[in-house]
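Shown next, in C-alpha cells, is the structure this report addresses.
What follows is the structure, encoded as C-alpha cells:
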C-alpha cells in the first residue's frame, strides 16, 4: 500500500479510496446459530423456552429478544388483515390501494390477507419502498434478521378464475424478493427465505440473496431436503401436526442438522388454551 500511495499521490489516493468504497463489502449482517434451538412467536411475545437461541417475532408488535438471535416477521407479499384500534401500516386499508389485488378476495387460509400486486417493475419498486420502513424498524428494534412471508403468493392463482392469465408469477416474485433482501442487507439484517421450496439454489442464494431458511411443514410436504441442500444447517422448521414433528425428530439426519419445532397453527401464547411448543 505504501508504494500505491507514492505512485498515486494525494489526488490519486482519494480516487483509489473512492473505488475501494464502491467495492462490495464483507457481509455486515449476522447469521443465526446453525442448528440453534428455535421458537416461533409471531402470534405474540412470551418468555423464551429454556435453551432457545433463535426466535422470530412480529415486526410491529414484537420486541427484539435479549441475548438470543432475533428474527423479525414481515408479511411483505400479502397484506395483514384490518384490525380495529390497531394502526399497522401493513394492514390492507393502509397499503396503497393500487398495489392490493382484490380480484381473488382474501387468502382462503388467512382471513383478511390480500395479495400484493407484483405485476410490473414499477409496482414491485413501489411495494418494496412501502415495506422498507418496516424492515428498517426491525433493525432499529435490535433484530438481527428479517423473514418476508408469503413469497409463494403467485401460487394462489392456481385453480382460481385468474389461472389462465395470472397477474404475476415466479419471475416477478423473485424480482420483488431481490429488492426486499437488498433493503434488508442495507439495514444490516440477514434475510430468511420463508417457505417456497421450489426455488433453485441459484434463485434463492445467488439472485435474491437469502441467507437462511424458515420452512413451515417441510416434513409434512417432504421438502426439508431441498432447504438443507440450499442452506445446510441454517434451516429452521415449524411443524403444526404432531405426527410430522415426531417423524422429523426421528430422522437422525434432520434432527442433527435442522432446528425443528412443533407449534400450534395460530402460533398462540402460553395460557391461550391452544398453545403448543416442543423442540427436537
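Residue numbers (my numbering): 218 to 497.
Idealized CB from N, CA, C, for every residue including glycine.
* From what residue to what residue does the beta strand (DSSP E) around residue 263 run? -> Within the chain shown, residue 263 is the residue found at index 46, counting from 1. Looking at the DSSP string, residue 263 is not in any beta strand (DSSP E), and its letter there is neither H nor E.
* Asked: Would DSSP call residue 442 helix, strand or coil?
  -> In the chain shown, the residue the question calls residue 442 occupies position 225. Three-state result, residue 442: helix.
* Keeping to the same chain, check which residues put their C-beta closer than 7 Å to that of residue 348; ignore five residues upstream and five downstream. => As a first step, residue 348 is located in the chain shown; it is residue number 131 there, counting from the start. The residues are 291, 293 and 397.
* At what residue ranges does the segment 274–362 contain a whole run of the beta strand (DSSP E), taking only runs of 3 or more? -> 286–291
* Inspect the CB distances between the segment 466–478 and the segment 397–406 and report whether three or more fall short of 8 Å. => Contact annotation: the segment 466–478 does not touch the segment 397–406, with fewer than three C-beta pairs closer than 8 Å.
* residue 386 versus residue 493: straight-line alpha-carbon distance, rounded -> Within the chain shown, the letter at position 169 stands for residue 386. Within the chain shown, the letter at position 276 stands for residue 493. Cα to Cα, residue 386 sits roughly 35 Å from residue 493.
* Reduced DSSP category for residue 398 - H, G, I as helix; E, B as strand; rest coil -> If you number the chain shown from 1, residue 398 lands on position 181. Correct three-state label for residue 398: helix.
* Mark residue 310 as exposed unless 16 or more other C-beta atoms lie within 10 angstroms of its C-beta, in which case mark it buried. => Here the question's residue 310 lines up with position 93 in the chain shown. The residue is exposed, with fewer than 16 neighbouring Cβ atoms inside 10 Å.
* Asked: Which class does residue 416 belong to by DSSP, given the choice of helix, strand or coil?
  -> Taking the chain shown and counting its residues from 1, one reaches residue 416 at position 199. Here residue 416 carries a coil assignment [DSSP, helix/strand/coil].
* Asked: Touching or not, the segment 283–290 and the segment 353–365, by the rule of three or more beta carbon pairs under 8 Å?
  -> yes
* Can you name, in chain order, every residue of its own chain whose Cβ lies under 7 Å from the Cβ of residue 443, other than the five neighbours on each side? -> Walking along the chain shown from the start, residue 443 turns up at place 226. Within the same chain, residue 443 has close Cβ partners 414.
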